[in-house]
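Data block below; observations after.
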Amino acid sequence: MLPIVPIQQALLAWYGRQGRDLPWRHTRDPYAILVAEIMLQQTQVERVIPKYHAFLVAFPTFAALAAAPTEAVIRAWSGLGYNQRAVRLQAVARVVVAEHDGRMPATLAGLLALPGIGRYTAGALACFALGQAVATVDTNIRRVLVRVCIGELSAQAAACAKPAAALALAEAALPAEPDQAYAWNQALMDLGAMVCLARAPACDRCPLTAHCRTFAQLQARTLFPTGAELPALRVAEAPAGYATKPRVAKPSQPFKESNRYFRGRVVAALRAAPAGAALALDEIGPQLKPDYSAADADWLRTIVAGLARDGLAAWADAAQTRVTLPR
DNA sequence: GTCCAGATCC
DNA sequence: GGATCGGGAC
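Residue numbers (our numbering): 14 to 340.
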């Protein structure tokens, strides 16, 4: 582990000047931060921002979300994808109201016990909402720490694909002063999202090049590294097992024929229906594929049954011919 | 095509 | 460890 303090100082100074002005950085309301963190799972910041504001207007508190019809929550999730997150977020609100007196759990273990809250989100909540000096690793933080502290072209980089190894790295890098953890974690994500990009890092705009293992590796091969050459070098020089993994050629059907695609289309049809209204499978089918016929009924029923299992749809009749969003 | 402030299930 | 879960942007 290379000396971390100069890296912390350089990154925190850059964050003070260049850090993004994001809505959830203006609040310490645990509920608002929870909403943001769930929305941000596998979803870019730019797409979350408008949905974040609208969601907080519609459901301003744990109590409001817990009491809302699930149908309304699923509608508010439109455009974000991974719709089960909407169901799980409301489940969290209901647990918080019913079992924690309306307040978010104040420990990492308590947070991890909530539905849909994994290690990243629990760590983010502990740090961003509770002010605790907790390390957390998302895709940006892992990439930045590996590049700076390990070196992307080194053999050790592959080991950090394991969550436990990446978390250990993040814990070792956490500032000694507990009150700097918030800015540190946010700064790592900003650098990853704005400068230390996955495809083409902008090393010419990076505040950490003087400390960065990967930049040093690039300098050993290029006179004036910009970062743009990293992908090619990664392929050319990657240690066995990293980046050039055998990568079995997966048959991979077209997305428009996938179960995943049709699940999204069914939920979209249910959202478009009037509140409380049930749709017959025979009404939904033609919206999914123009040549829908009675022969496709079993297939569609299977799609809907999967959604019902995930809390994203509900049968309106025992014969399973009509569907609604869950109440 | 790849990538993205992941989590859950097997 | 692998598969699954959306959808928008590049």
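Glycine included, each C-beta is placed from N, C-alpha and C at the ideal position.
All values reported here derive from a predicted model rather than from experimental measurement.
Residues sharing a beta bridge with residue i, DSSP
i: W328; result: V336
i: L320; result: DSSP output for L320 lists no bridge partner at all.
i: A293; result: R335
Nearest to residue i (by Cα), restricted to the options the options
i: Y28; options: L204, R284 and L246; result: L204
i: A290; options: G94, L35 and A85; result: A85
i: A80; options: A104, K64 and R88; result: A104
i: L121; options: G131, Q54 and E296; result: G131
i: V317; options: D304, A293, Y305 and A307; result: A293
i: A183; options: E165, V159 and L102; result: V159
i: W37; options: A177, A215, I62 and Q54; result: I62
i: L102; options: A249, F75 and L166; result: F75
i: L313; options: A288, E270 and P339; result: E270
i: P19; options: L338, P267, T222 and A329; result: T222
i: G319; options: A172, K175, Q333 and A200; result: Q333
i: A211; options: L187, G240 and P188; result: G240
i: N198; options: I154, A119, A179 and A189; result: I154
i: A233; options: P188, E250, P43 and I17; result: E250
i: R107; options: A137, A142 and Y44; result: Y44
Which of helix, strand or coil DSSP assigns to residue i
i: A189; result: coil
i: P36; result: helix
i: I62; result: helix
i: V86; result: helix
i: L221; result: coil
i: P299; result: helix
i: R116; result: coil
i: Y305; result: coil
i: E242; result: coil
i: T315; result: helix
i: N96; result: coil
i: F237; result: coil
i: T56; result: coil
i: D203; result: helix
i: E184; result: helix
i: A126; result: coil
i: C173; result: helix
i: L69; result: helix
i: T227; result: helix
i: C209; result: coil
i: E165; result: coil
i: Q266; result: coil
i: T149; result: coil
i: I17; result: coil
i: A215; result: coil
i: R41; result: coil
Environment of residue i [buried if 16+ CB atoms lie within 10 Å]
i: H224; result: buried
i: F237; result: exposed
i: Q57; result: exposed
i: N96; result: buried
i: T134; result: buried
i: D151; result: buried
i: A139; result: buried
i: V147; result: buried
i: T257; result: Its pLDDT being 46, under 50, T257 is placed unreliably in this model, and the value from its coordinates should be taken loosely. It counts as exposed.
i: L15; result: exposed
i: T149; result: buried
i: A49; result: buried
i: L24; result: buried
i: P214; result: buried
i: R340; result: exposed
i: R156; result: buried
i: G144; result: exposed
i: P220; result: buried
i: P287; result: exposed
Any non-hydrogen atom of the ligand MG closer than 8 Å to residue i Cβ
i: E59; result: With respect to small molecules bound, the structure shown includes none, and the ligand MG cannot be examined in it.
Handout entry: Touching by the beta-carbon criterion (3+ pairs, under 8 Å), the segment 279-290 and the segment 322-333
Key = Contact holds: three or more Cβ-Cβ distances are below 8 Å.
Handout entry: Three CB pairs or more closer than 8 Å across the segment 297-307 and the segment 271-280
Key = Taking 8 Å as the limit for Cβ pairs, the verdict is that the segment 271-280 does touch the segment 297-307.
Practice task
Flag this pair as touching only if the segment 230-245 and the segment 186-195 have three or more C-beta atom pairs under 8 Å; answer yes or no.
Solution key: In short, these stretches do not touch, since the Cβ pair count stays below three.
Handout entry: Meets three-Cβ-pair contact criterion under 8 Å: the segment 211-231 and the segment 161-169
Key = By the C-beta criterion, the segment 211-231 is judged to be in contact with the segment 161-169, since at least 3 inter-stretch pairs fall below 8 Å.
Practice task
Report yes or no: do three or more beta-carbon pairs, one from the segment 33-47 and one from the segment 62-73, lie closer than 8 Å?
Solution key: Result yes; three or more Cβ-Cβ pairs closer than 8 Å.
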